[in-house]
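In the numbering used here, each residue's number is its place in the sequence shown (first place is 1) plus 4.
Just so you know, even glycine gets a beta-carbon here, dropped at the ideal spot from N, CA and C.
This report refers to the structure that appears directly beneath it.
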Amino acid sequence: MFSRKRPIEEIPEQLTAIWQCTKDDCNGWMREDFTLESEPTCRQCTSPMERNTRMLPLLTGTFKPNQ
């Protein structure tokens, strides 16, 4: 049989700087490029966040605040 489905494209990923929640039972995180604060708090549990990195899909047109 012939299938007309397109092959799934590979989404390019890169090592991205993020802020990650410090609370053990919270999985909150955000990209560093999308934060407006110098040291943000978690939006889910209001705990402090720490810098980390994660492999994430490459985004184009990211917001970079003036610092």
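- Anticipated Cβ contact below 8 angstroms, I15 with R58, distance rounded: With a Cβ gap of about 14 angstroms, I15 and R58 do not count as contacting.
- Chain-order list of residues whose beta-carbon lies under 8 angstroms from that of C30 (same chain, five-residue window excluded): The residues C46, Q48, C49 and S51, in chain order, have a CB closer than 8 angstroms to that of C30 in the same chain once the five nearest residues on each side in sequence are set aside.
- Nearest CA to the CA of T26: which residue from T39, P61 and R55? R55
- Query: If you follow the beta strand (DSSP E) that R58 is part of, which residue opens it and which one closes it?
  - Reply: Taken as a continuous stretch (DSSP letters only), the beta strand (DSSP E) holding R58 covers M53 to P61.
- Selected residue, minimal CA-CA separation from T20, among R10, E36, P11 and G32: Considering only alpha carbons, the answer is E36.
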